[in-house]
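Residue numbers (our numbering): -16 to 65.
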């Protein structure tokens, strides 16, 4: 059996295949960005850094008063195995 390729059908198939591949590529390129923001603290300053744009936000925070309480810093659970 001899089959003939129609040039017009072949071109339409190639163009449609190209559109489908472009659509898949566009859909996969918009993956969510992971690990964009970083947080850091230094003494009484808190910073947020946007790693995509390089923008930095900073804030001065006052220390909490309960952190100076010595009872707060003591262990809460006894680790003795008696």
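Every residue, glycine too, gets a C-beta built ideally from N, C-alpha and C.
{"Item": "Residue 9, DSSP secondary structure in three states", "Value": "helix"}
{"Item": "Range of the contiguous beta strand (DSSP E) that encloses residue 57", "Value": "Segment: none, residue 57 is in no beta strand (DSSP E) and carries neither H nor E."}
{"Item": "Sequence-distant residues of the same chain with beta carbon closer than 6 Å to residue 32, five excluded per side", "Value": "21 and 39"}
{"Item": "Beta carbon of residue 28 nearer than 7 Å to that of residue 8", "Value": "no"}
{"Item": "Beta carbon of residue 19 nearer than 7 Å to that of residue 34", "Value": "yes"}
{"Item": "Separation of residue 11 from residue -3, as counted between CA atoms", "Value": "21 Å"}
{"Item": "Alpha-carbon spacing of residue -6 relative to residue -12, whole angstroms", "Value": "11 Å"}
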